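Comments concern the structure below.
Residue numbers (the numbering used here): 12 to 505.
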């Protein structure tokens, strides 16, 4: 079909679509009035649909018009109604998709509440509500398959002083039924997982923390974790004014995620499977050693990638917890030692997270030992410059005291690395002179502490009141420390 035949067909198609444009919202008409704002996808889709209705026209064939100006004019004006309809349809599809996601999210939250409430009730019916004593601190350890959760767990336990044995979800779900699902790359029902977890937490010593390896792994489990935290707060409030209050402390949850990319995860698991096979073969030949479990997921690359895909699918769920609990995302790609150093740094004590709010507020104004010396050098220089320029008399007295009483004592104890200087010099009763003395010695590389003691000596007795009159003497002790020098014995030189 020629271009001359094609144009009348396009005009006729636009006339048929023209009545529909009047029913569109004015805002949509405004948007579609400009051809620049029309998406290429909508233009291609609409043009294809229009051409497919014309007899003898192939929608995948390119047609040209005698005049480029006429072609642009007809496309911009005549296709506006069809393009507007396509844009409206696309917008409605996006709105429907968003609505479906929101409804699914609401449904999952409702399901999580039902699952958690039922699991908690089942456990409570067995143990009794007053015995629902969970550990105060719980570290929820997650990670990609092959990220080294088992390898790094001892480091985390040491960093937090946790003595309870770690809870491994894979061990809790070691029943034949659960193993079959896991070997297929599938997951066990959330209700069963939560119930087994609650039982395991109650078996721990509640006074110390515990680490849970492998939870949460799904959207529902993430919601169950939030509900569990809320339930622990409810129990604490319920038993706060009872003799059992110490068994229901404020819960502290920490989320730790060890991350490696997919290829590293796959290679590590395949290597683990290979080493286990070699070990078991050696044990079978020699009869010495221990047979290790050969997991299906350490040999089948498809299952390994399926496990990693599950981790990726639920990783966004874990990120939601970062807005609620302390969240530690650790890059586990490096060596064992480097990853361990990162873990120890991440899990350092943080009083704001572990103390009660009122307790922390009462002591938080006291500076941390790790921060008090950050600007100590600058402050030291500023003090010395100030006293030397504005109070030279005090500065000179401090220097003279060091020359006469401190330096000789330091020289006498040069090898030991420590000198104790006692003095009853009255100039040390002036706090400014003491500050300058300590500042000067600190600037020269000495570590100095000072102590003041009052000695009371009986002098006489008042004949009228028989009161013992005491004479008070102030004695100042400066403990000066510096690097110790080791002297090699003479006989070791030859």
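Using N, Cα and C, we set each Cβ at its ideal position, and we do this for glycine too.
Just so it is clear, the structure is predicted and the values come from calculations on it, not from any experiment.
What's the C-alpha gap between residue i and residue j?
{"i": "residue 220", "j": "residue 494", "result": "41 angstroms"}
{"i": "residue 242", "j": "residue 186", "result": "28 angstroms"}
{"i": "residue 348", "j": "residue 216", "result": "30 angstroms"}
{"i": "residue 496", "j": "residue 148", "result": "46 angstroms"}
{"i": "residue 294", "j": "residue 300", "result": "5 angstroms"}
{"i": "residue 414", "j": "residue 463", "result": "20 angstroms"}
{"i": "residue 416", "j": "residue 377", "result": "35 angstroms"}
{"i": "residue 240", "j": "residue 200", "result": "21 angstroms"}
{"i": "residue 374", "j": "residue 459", "result": "27 angstroms"}
{"i": "residue 161", "j": "residue 132", "result": "31 angstroms"}
{"i": "residue 234", "j": "residue 271", "result": "25 angstroms"}
{"i": "residue 394", "j": "residue 483", "result": "32 angstroms"}
{"i": "residue 11", "j": "residue 280", "result": "Residue 11 lies beyond the range of the chain shown here (12 to 505); nothing can be said about it."}
{"i": "residue 124", "j": "residue 134", "result": "15 angstroms"}
{"i": "residue 306", "j": "residue 273", "result": "19 angstroms"}
Using the beta-carbon count (16 or more within 10 Å), is residue i buried or exposed?
{"i": "residue 297", "result": "exposed"}
{"i": "residue 319", "result": "buried"}
{"i": "residue 386", "result": "exposed"}
{"i": "residue 41", "result": "Only weak support exists for where residue 41 lies, its pLDDT of 35 falling under 50; the value from the coordinates is given anyway. That one is exposed."}
{"i": "residue 266", "result": "buried"}
{"i": "residue 490", "result": "exposed"}
{"i": "residue 129", "result": "exposed"}
{"i": "residue 487", "result": "buried"}
{"i": "residue 398", "result": "buried"}
{"i": "residue 327", "result": "exposed"}
{"i": "residue 392", "result": "exposed"}
{"i": "residue 389", "result": "exposed"}
{"i": "residue 7", "result": "The question about residue 7 has no answer here: the residues shown for the chain are numbered 12 through 505."}
Name the one or two DSSP bridge partners that residue i has.
{"i": "residue 268", "result": "153, 340"}
{"i": "residue 487", "result": "434, 463"}
{"i": "residue 224", "result": "152, 179"}
{"i": "residue 482", "result": "468"}
{"i": "residue 492", "result": "429, 458"}
Just verifying my parser: in three-state terms, what is the DSSP assignment at residue i?
{"i": "residue 394", "result": "helix"}
{"i": "residue 261", "result": "coil"}
{"i": "residue 184", "result": "coil"}
{"i": "residue 422", "result": "helix"}
{"i": "residue 205", "result": "helix"}
{"i": "residue 499", "result": "coil"}
{"i": "residue 174", "result": "coil"}
{"i": "residue 352", "result": "helix"}
{"i": "residue 240", "result": "helix"}
{"i": "residue 385", "result": "coil"}
{"i": "residue 303", "result": "coil"}
{"i": "residue 252", "result": "coil"}
{"i": "residue 322", "result": "helix"}
{"i": "residue 199", "result": "coil"}
{"i": "residue 122", "result": "helix"}
{"i": "residue 313", "result": "helix"}
Below 8 angstroms CB to CB, which residues in the same chain sit around residue i once its five sequence neighbours on both sides are set aside?
{"i": "residue 275", "result": "157, 344"}
Leaving out the 5 sequence neighbours to the left and right, which residues in its chain are closer than 6 angstroms to residue i when beta-carbon positions are compared?
{"i": "residue 170", "result": "355, 358"}
{"i": "residue 283", "result": "309"}
{"i": "residue 353", "result": "341"}
{"i": "residue 238", "result": "127"}
{"i": "residue 228", "result": "325"}
Skipping 5 residues on each side, what residues in its chain have a beta carbon closer than 7 angstroms to that of residue i?
{"i": "residue 499", "result": "none"}
{"i": "residue 481", "result": "467, 468, 469, 470"}
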